[in-house]
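S.K.: Chains as they are written, first to last, in the numbering used here: chain H, -8 to 101; chain F, 708 to 818.
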Amino acid sequence: DAGITQSPRHKVTETGTPVTLRCHQTENHRYMYWYRQDPGHGLRLIHYSYGVKDTDKGEVSDGYSVSRSKTEDFLLTLESATSSQTSVYFCAIRSDSEAFFGQGTRLTVV
Amino acid sequence: EDQVTQSPEALRLQEGESSSLNCSYTVSGLRGLFWYRQDPGKGPEFLFTLYSAGEEKEKERLKATLTKKESFLHITAPKPEDSATYLCAVQAKTGANNLFFGTGTRLTVIP
């Protein structure tokens, strides 16, 4: 398995609270991504990073922020969680020819 | 705008009954086309990357092929353990260096 770990694996939170999801890699890859997966939509890119402190928005970035202070860690923050952010979140890392995904975080906002 | 359409949405096969899954794409210059397998409750598992029309790759009972407009994932003599959702994604030569995904084909192989 590619060395990529997401935490937590499951979380239930209340509307309006901040939430941070963590992605940790041991592969030293430059590119890291956060996706969300919802029925009928497939995987959609939230934010990505192309190096330490270098990040950019994806197609569904509203309400999310990210930080990457070290090569191995990429954090996704929901600044004020809403019910529409209930989803399964996947982190991915990419080499030149392959992209590997973590096991996912199932987030429920109640 | 990059677009990926997978068909069919769902496919049921008898064990040993070969078939193909389709991934049609529109992208502003293809850098790569990726195939993944996803089991329920798990992250996508990388299968193949294809780069240019005419390219083929194989892994066990799976073979992926690529043309300028679509890719096929051929499954030969499938087994029940091949049951999963198969995802296709494209990466464009320009833009966010992102993988743009289709919604997948859910394959069920019946013993």
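Positions of the beta carbon are idealized from the N, C-alpha and C atoms, including for glycine.
#1: For the beta strand (DSSP E) containing threonine 6 (chain H), name the first residue and the last one.
#2: Is there at least one Cβ from chain H nearer than 8 Å to asparagine 804 (chain F)'s Cβ?
#3: Tell me where the beta strand (DSSP E) around histidine 104 (chain H) begins and ends.
#4: If you measure from the beta carbon of glycine 809 (chain F) to each beta carbon in chain H, is any gap under 8 Å?
#5: Comparing alpha-carbon positions, which option in F:Ala717, F:Leu780 and F:Gln721 lies nearest proline 818 (chain F)?
#6: Am I right that leucine 67 (chain H) and tryptophan 25 (chain H) are in contact with their C-beta atoms under 8 Å? What's the rounded C-beta distance?
#7: Go to asparagine 729 (chain F), then tell me how far its beta strand (DSSP E) extends in each direction, as first and last residue.
#8: For the stretch 745 to 768 of chain F, which residues have a CB atom closer than 9 Å to at least one CB atom of chain H, in sequence order?
#9: So what's glutamine 28 (chain H) in DSSP terms, helix, strand or just coil?
#10: Taking only beta-carbon positions, decide if glutamine 16 (chain H) is within less than 8 Å of chain F.
#11: Give the DSSP-derived three-state secondary structure of glutamate 708 (chain F) in the structure shown.
#12: What does alanine 90 (chain H) reach in chain F if we use C-beta pairs closer than 7 Å?
#13: Of all the CB atoms in chain F, is at least one closer than 8 Å to the CB of glycine 31 (chain H)?
M.R.: So, to answer that:
#1: As a position in the first sequence, residue 6 (chain H) is number 15, starting the count at 1. Element bounds for threonine 6 (chain H): n/a, residue is neither H nor E.
#2: Here the question's residue 804 (chain F) lines up with position 97 in the second sequence. By the rule that beta-carbons nearer than 8 Å mark a contact, asparagine 804 (chain F) touches chain H.
#3: Look at the range of chain H in this structure, -8 to 101, and you will see that residue 104 (chain H) is not part of it.
#4: The residue labelled residue 809 (chain F) in the question sits at position 102 within the second sequence. For glycine 809 (chain F), the nearest CB of chain H lies under 8 Å from its own CB, placing it at the interface with that chain.
#5: As a working mapping, residue 818 (chain F) is identified with position 111 in the second sequence. Taking only the C-alpha atoms, the option nearest proline 818 (chain F) is F:Gln721.
#6: Within the first sequence, residue 67 (chain H) is the residue found at index 76, counting from 1. Within the first sequence, residue 25 (chain H) is the residue found at index 34, counting from 1. With a Cβ gap of about 5 Å, leucine 67 (chain H) and tryptophan 25 (chain H) count as contacting.
#7: The count along the second sequence starts at 1 and reaches residue 729 (chain F) at position 22. Here the beta strand (DSSP E) through asparagine 729 (chain F) covers 726 to 733.
#8: Gln745, Gly748, Lys749, Gly750, Pro751, Glu752, Phe753, Thr756 and Tyr758
#9: Here residue 28 (chain H) refers to the residue found at position 37 when the first sequence is read from its first residue. In the three-state reduction of the DSSP assignment, glutamine 28 (chain H) falls in the strand class, which pools E and B.
#10: Taking the first sequence and counting its residues from 1, the one referred to as residue 16 (chain H) is at position 25. So no, glutamine 16 (chain H) is outside the interface.
#11: Translated into positions along the second sequence, residue 708 (chain F) becomes position 1. Looking at glutamate 708 (chain F) - three-state DSSP - the assignment turns out to be coil, as it is neither helix nor strand.
#12: Indexing the first sequence from 1 puts residue 90 (chain H) at position 99. Going along chain F in sequence order, the residues near alanine 90 (chain H) (Cβ under 7 Å) are Phe741, Phe753 and Leu806.
#13: Here the question's residue 31 (chain H) lines up with position 40 in the first sequence. Cβ-Cβ to chain F under 8 Å: yes for glycine 31 (chain H).
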